[in-house]
Amino acid sequence: MIDNARMLRTFLELVQIKAESGREEAVARYVSPHLHRLGLSVKKNGEDSTGNVIATLSPTPGRSGWIAIAAHMDTVPLGNPVKPVFRDGAIYSSGDTILGADDRVGIASILEALETVIEKRLPHPGIEVIFTVSEEEGLVGAKRLTSEDLQASMAFIVDSSSDPGHIVVQAPSHVNLSWIVAGKAAHAGIAPEKGVNAIVAAAEGIAAMNIGRIDHETTSNVGIIRGGTATNIVCDSVYVEGEARSFCEKKLEDLVKSMVDAMEAGVAKREASVQTKVQKSYTGFSLKETSPVVQWATSAVRRSGLLPVLISTGGGSDANIFNEKGLPAVNLGTGAQNVHTTKEYISERDLYTIGDIIVAIMTGA
Ligand SMILES: [Zn+2]
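Per the numbering used here, residue 273 is the first one in the sequence shown, and the count goes up by one each step.
Structure follows, in structure tokens:
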């Protein structure tokens with residue numbers, strides 16, 4: 273259905289554009305003329321130079337209603353510029369950077385699907401294209417969207433690293449936890465008894481926490497610890513950061529409370545003190561197979577010749593934020609593999625398949 277050569281060209285051009293979170297201007301400059309040329313009206317969200325790009329295409333005669341299709345413009349930090357390499361029917365980076373298929377495959381497939389729909393004059397509902405910023409830094413761009421930006425009744429995010437045909441219909445809530453443990457500095461050789469060791473106090477707290485896989489729908493982690501200046505100083509301050517996720521709000525609440533309590537008790541045992549910060553990063557979602565957005569997605573996958581597979585994921589995406597804002601959204605599998613690593617790749621076949629699926633989404637029921 274799509275033009276494979278054009279899709280590939282767009283994808284290769286996009287992965288070579290450096291645009292880490294917060295510096296997405298170059299991608300915005302790449303997509304905007306494409307969208308204009310295809311007849312979409314393009315507006316930017318936010319006053320700064322790196323806002324989300326939002327573009328709309330009115331429904332064709334006889335069609336009504338609006339759907340939204342979204343991908344994110346940023347990547348995790350790259351290091352060197354990406355040099356795409358072909359190997360065994362797949363596209364890799366040259367090995368010292370990520371490829372950035374996450375999420376340039378999303379952008380490329382949306383642009384190619386728009387080209388196809390317009391070129392072949394396929395009937396479609398109103399289409400709202402949303403390219404977000406700083407997804408990798410905590411879904412920042414999606415969080416900035418207002419109800420005026422979102423006129424659609426359902427949304428499709430093209431950003432899951434599952435295979436094409438997979439549809440993410442469930443994702444957990446996520447809470448971020450951070451602690452500053454305060455002790456008291458002293459000379460470690462001359463007067464250690466005058467000090468309170470913040471490292472030991474933090475360790476006591478962390479060791480008492482329930483960390484890792486808690487149950488089939490709940491996980492927790494301590495991911496960052498920083499502190500200390502020299503071995504001859506009793507450490508007086510440690511920063512600790514972690515997270516908790518669950519598909520069940522009650523379990524998440526209980527887990528977060530147990531982590532906070534563990535740290536407070538551990539620190540108190542060592543006569544140190546602690547400042548705790550708990551922040552909900554995003555809310556989970558769970559969509560029924562019968563919900564219109566899931567029906568729309570499964571029908572599009574079928575029309576592309578694949579069997580739809582509904583999945584749940586432990587990760588968060590812009591779909592969490594869209595659902596939180598009251599716009600039912602699923603996240604579509606793209607086939608991007610080993611994302612966020614130097615071994616990231618995508619097979620050419622998956623690249624074209626997701627392009628076809630997005631055409632079917634755009635022209636669906
Ligand atoms: Zn992504």
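The beta-carbon is built from N, C-alpha and C at its ideal position, and this holds for glycine as well.
The structure presented is a predicted model; accordingly, all values stated were derived computationally and were not measured.
According to DSSP, what are the bridge partners of residue 359? 362
Please specify which runs of the beta strand (DSSP E), each continuous and at least 3 residues long, are wholly inside the stretch 408-455, giving them in chain order. 426-432, 438-443, 445-454
For a test of your reading of the model: does the CB of residue 374 fall under 7 Å from any non-hydrogen atom of ligand 1? Yes or no. Checking the Cβ of residue 374 against ligand 1 gives yes.
Residue range of the beta strand (DSSP E) that residue 605 falls in? 601-605
Is residue 326 helix, strand or coil when you go by DSSP? strand
With a cut-off of 8 Å, do at least 3 Cβ pairs link the stretch 474-487 to the stretch 436-446? The stretch 474-487, when compared against the stretch 436-446, does not touch it at the 8 Å Cβ threshold.
Please name the residue in 316, 370, 354, 371 whose C-alpha comes closest to that of residue 401. 316
Between the Cα of residue 450 and the Cα atoms of 313, 363, 497, 433, which residue gives the shortest distance? 497
CB of residue 616 to nearest heavy atom of ligand 1: below 7 Å? no
Helix, strand or coil at residue 466 [DSSP, three-state]: helix
What distance in whole Å lies between the Cβ atoms of residue 405 and residue 345, which are believed to be in contact at a cut-off of 8 Å? 6 Å
Check for me: the beta strand (DSSP E) holding residue 595 runs from which residue to which? Segment 590-596 is the alpha helix (DSSP H) holding residue 595; no beta strand (DSSP E) there.
Hey, residue 613 and residue 382: beta-carbon distance below 8 Å or not? Between residue 613 and residue 382, the gap from beta carbon to beta carbon reaches 8 Å or more.
Output the distance between the C-alpha atoms of residue 625 and residue 546, rounded to the nearest integer angstrom. 52 Å
Got a sec: does ligand 3 put a non-hydrogen atom nearer than 7 Å to the Cβ of residue 409? Among the ligands modelled here, namely ligand 1, ligand 3 does not occur.
Ligand 1 heavy atoms versus the CB of residue 431: any closer than 7 Å? yes
Any heavy atom of ligand 1 closer than 7 Å to the CB of residue 306? no
Report, in whole angstroms, the separation of the C-beta atoms of residue 343 and residue 599, which I expect to be a contact under 8 Å. About 16 Å separates the two Cβ atoms, so there is no contact after all.
Beta-carbon contacts of residue 648 that lie in its chain and below 6 Å, excluding the five residues immediately before and after: Within the shown structure, residues of the chain are numbered from 273 to 637, placing residue 648 beyond reach of any answer.
Pull up the distance between the alpha-carbon of residue 435 and that of residue 539, whole angstroms please. 45 Å
Which same chain residues, not among the five before or five after residue 466, have their C-beta less than 7 Å away from its C-beta? 458
In three-state DSSP terms, what is residue 368? coil
So which of 365, 500, 552 has the shortest CA-CA distance to residue 356? 365
Cut-off 8 Å between Cβ atoms - residues of its own chain near residue 509, not counting five sequence neighbours on either side: 452, 453, 454, 455, 470, 499
Who are the Cβ neighbours of residue 633 in its own chain at under 6 Å, not counting the five residues just before and after it? 428, 572
DSSP has residue 509 in a bridge; who is on the other side? 454
At which residues does the alpha helix (DSSP H) containing residue 381 begin and terminate? 373-391
Going by the C-beta, is residue 446 closer than 7 Å to any heavy atom of ligand 1? Residue 446: no, Cβ never under 7 Å from ligand 1.
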